[in-house]
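Working notes, structure below.
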Amino acid sequence: NAGVTQTPKFQVLKTGQSMTLQCAQDMNHNSMYWYRQDPGMGLRLIYYSASEGTTDKGEVPNGYNVSRLNKREFSLRLESAAPSQTSVYFCASSAVGRGTEAFFGQGTRLTVV
Amino acid sequence: AQTVTQSQPEMSVQEAETVTLSCTYDTSESDYYLFWYKQPPSRQMILVIRQEAYKQQNATENRFSVNFQKAAKSFSLKISDSQLGDAAMYFCAYRSETGAQKLVFGQGTRLTINP
Numbered sequence: 070n071a072g073v074t075q076t077p078k079f080q081v082l083k084t085g086q087s088m089t090l091q092c093a094q095d096m097n098h099n100s101m102y103w104y105r106q107d108p109g110m111g112l113r114l115i116y117y118s119a120s121e122g123t124t125d126k127g128e129v130p131n132g133y134n135v136s137r138l139n140k141r142e143f144s145l146r147l148e149s150a151a152p153s154q155t156s157v158y159f160c161a162s163s164a165v166g167r168g169t170e171a172f173f174g175q176g177t178r179l180t181v182v
Numbered sequence: 007a008q009t010v011t012q013s014q015p016e017m018s019v020q021e022a023e024t025v026t027l028s029c030t031y032d033t034s035e036s037d038y039y040l041f042w043y044k045q046p047p048s049r050q051m052i053l054v055i056r057q058e059a060y061k062q063q064n065a066t067e068n069r070f071s072v073n074f075q076k077a078a079k080s081f082s083l084k085i086s087d088s089q090l091g092d093a094a095m096y097f098c099a100y101r102s103e104t105g106a107q108k109l110v111f112g113q114g115t116r117l118t119i120n121p
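Here the protein sequences come in this chain order: G and W.
In terms of our numbering, the first sequence opens at residue 70 and continues consecutively.
In terms of our numbering, the second sequence opens at residue 7 and continues consecutively.
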């Protein structure tokens, strides 16, 4: 099983460019998440989706949009990239149920110059 | 909003010794889970252990155990008989079991194992 797959793994953008980070899971999970990881700040939640068609802002949503295309896919879009968005981005998913484990993708290292 | 705080950016321990990583959290809810995740240099996130807030008994998984103090909102991780493979970033996380089940992480603690 592939689990959670993120693409791309690495990306360099110029300030002002746009891009979409793709995430897909094959575990039939309802919940999906996007995080960014920065040194000393842990993983901060950008957006969360409890199910297909629903999304909810996390701690740091500004500058990002998301789309829960279907149950499998949850994409993150940067409309106009800024250097402050340089980070490692993780997608995760989890099943409905008490204390269920979150499964993570391998991460995308994004650099905005 | 719920917050999770890890006040130790870095910790180190001698191989075979015991180390404790600290975590505190803030919430007004009563129904939640707490987790510890490990992130080795590969960047993969790995679940180490989880604790249900309603359970008073501390969770244990082999060499990993927690000290859950609900009133104090404290959730520390104890690693016994530390091994070189335990070297990683460790993240404490909180998830409400009511309403939106957002998973909130702390800042992380980098654990170094000295041979």
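Every residue gets a Cβ at the ideal spot worked out from N, C-alpha and C, and that includes glycine.
Expressed to the nearest angstrom, what Euclidean distance is found between the alpha-carbon atoms of residue 110 of chain W and residue 163 of chain G? Their backbone Cα atoms lie some 14 Å apart in a straight line.
Where does residue 107 of chain G fall in DSSP's three states? Residue 107 of chain G sits in a strand when the DSSP states are folded into three classes.
Distance check for residue 39 of chain W and residue 93 of chain W, CA to CA, integer angstroms please. Taking the straight line from one Cα to the other gives about 25 Å.
Does DSSP classify residue 80 of chain G as helix, strand or coil? Residue state, collapsed to three classes: strand.
Give me the Cβ distance between residue 91 of chain G and residue 144 of chain G, rounded to the nearest whole Å; I'm assuming they're in contact under 8 Å. About 5 Å separates the two Cβ atoms, so the contact holds.
Comparing alpha-carbon positions, which option in G/165, G/161, G/181 lies nearest residue 73 of chain G? Comparing Cα-Cα distances from residue 73 of chain G to each of G/165, G/161, G/181, the minimum goes to G/161.
Select from W/36, W/81, W/87, W/11 the residue whose C-alpha is nearest the C-alpha of residue 65 of chain W. For the set W/36, W/81, W/87, W/11, the Cα lying nearest the Cα of residue 65 of chain W is the one of W/81.
Check the Cβ-Cβ distances between residue 110 of chain G and every residue of chain W, and say whether any is below 7 Å. Output row for residue 110 of chain G: interface = yes.
Nearest to residue 180 of chain G (by Cα), restricted to the options G/167, G/158, G/174: Closest by alpha carbon: G/158.
Nearest chain W C-beta to residue 105 of chain G closer than 7 Å, yes or no? Not a single CB atom of chain W sits nearer than 7 Å to the CB of residue 105 of chain G.
Quick one: using the 10 Å Cβ neighbour count with 16 as the cut-off for buried, is residue 51 of chain W buried or exposed? With 16 or more neighbouring CB atoms inside 10 Å of its own CB, residue 51 of chain W falls in the buried class.
Can you tell me where the beta strand (DSSP E) with residue 179 of chain G in it begins and where it stops? For residue 179 of chain G, the enclosing beta strand (DSSP E) starts and ends at 177–181.
If we ignore side chains and look at the alpha-carbon of each, how far apart do residue 95 of chain G and residue 118 of chain G end up? For residue 95 of chain G and residue 118 of chain G, the distance between alpha carbons rounds to 16 Å.
Length of the line joining the Cα atoms of residue 53 of chain W and residue 96 of chain W: Residue 53 of chain W and residue 96 of chain W: Cα-Cα distance of roughly 10 Å.
Residue range of the beta strand (DSSP E) that residue 144 of chain G falls in? Residues 144–147.
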